[in-house]
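With the first letter of the sequence shown counted as 1, position 106 gets the number 101 in the working numbering; the numbers rise by one all the way through. Okay, structure first, notes after.
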Amino acid sequence: MSDSIHFESPGKNQSSKVNRQMFSIVVAMDEARGIGKDGVLPWHLPSDLKHFAHITKTTSSVHNAVNAVIMGRKTWGSLPERFRPLPGRLNIVLSRQQNHDLPRGVLLADSLDEAILKAKKANAEQLFVIGGGRVFEEALHDPHCEKLYITRIKGDFECDTFLPRWDENTFEKIEESGLHQENGIDFQFQTYRRKESHSLTSRG
């Protein structure tokens, strides 16, 4: 579930990012930070899928408001066909290849910056990055990443794709659920928020 996308060198187009829309990351990982194996999730947790849908679908009371989910090409391909595109959300796929046969309404972008710009033009209310590994790596180091919604899964599922570590000084945990169990697997939900000292507003 690792995705190869375009990475910009530090400082490039920095001025164009000043007014860029904030976004969040939503991901489930095991104790080894594994997020996928052989292109799929190595666990089946319906409660986590419901949690994911609730986070990524919930909008304000504004009529017809919709959120956007941003994912790499391999993550898009890993979605079950019946759920592709993810319903009730604007789906944006990251790829430098332009010959993808995407369903009507699904947008294609060649970088995270372009995906966020397209989401803004489409009036998406909230933006969520949902995979895979390379996309998460760029997103975690982007100052516009404001929240992390993490499902912590107990155990090691021998994954081949992993979530990069984030700077513990940058994000603080603000919510944590109790321990859930499903299909013999223990897990819990956590929410992290970018610390005020590391926010864009604190930089003047």
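We treat Cβ as the ideally placed atom computed from N, Cα and C, and that holds for glycine.
Here residue 22 is bridged, per DSSP, to 145.
Across the structure, residue 86 and residue 45 are spaced so that their CA atoms are roughly 18 Å apart. In the three-state reduction of the DSSP assignment, residue 190 falls in the coil class, being assigned neither a helical nor a strand state.
No residue range can be given for residue 119, since it is assigned to no alpha helix (DSSP H) and is classified by DSSP as neither H nor E.
Inside the stretch 12 to 83, DSSP marks whole alpha helix (DSSP H) runs of 4 or more residues at positions 41 to 52 and 68 to 73, from first to last along the chain. The C-beta distance from residue 144 to residue 20 rounds to 7 Å, short enough to meet the 8 Å contact threshold.
Assignment of residue 107 by DSSP, reduced to helix, strand and coil, places it in the helix class. Relative to residue 178, the option among 90, 18, 14 and 41 whose CA is nearest is 41. The stretch 71 to 81 makes no contact with the stretch 110 to 118, as fewer than three CB pairs between them are under 8 Å. The DSSP-derived three-state label of residue 184 is strand. Per DSSP, residue 152 lies in no beta strand (DSSP E) segment and is marked neither H nor E.
Counting the other CB atoms within 10 Å of its CB gives residue 14 a total below 16, which places it among the exposed residues.
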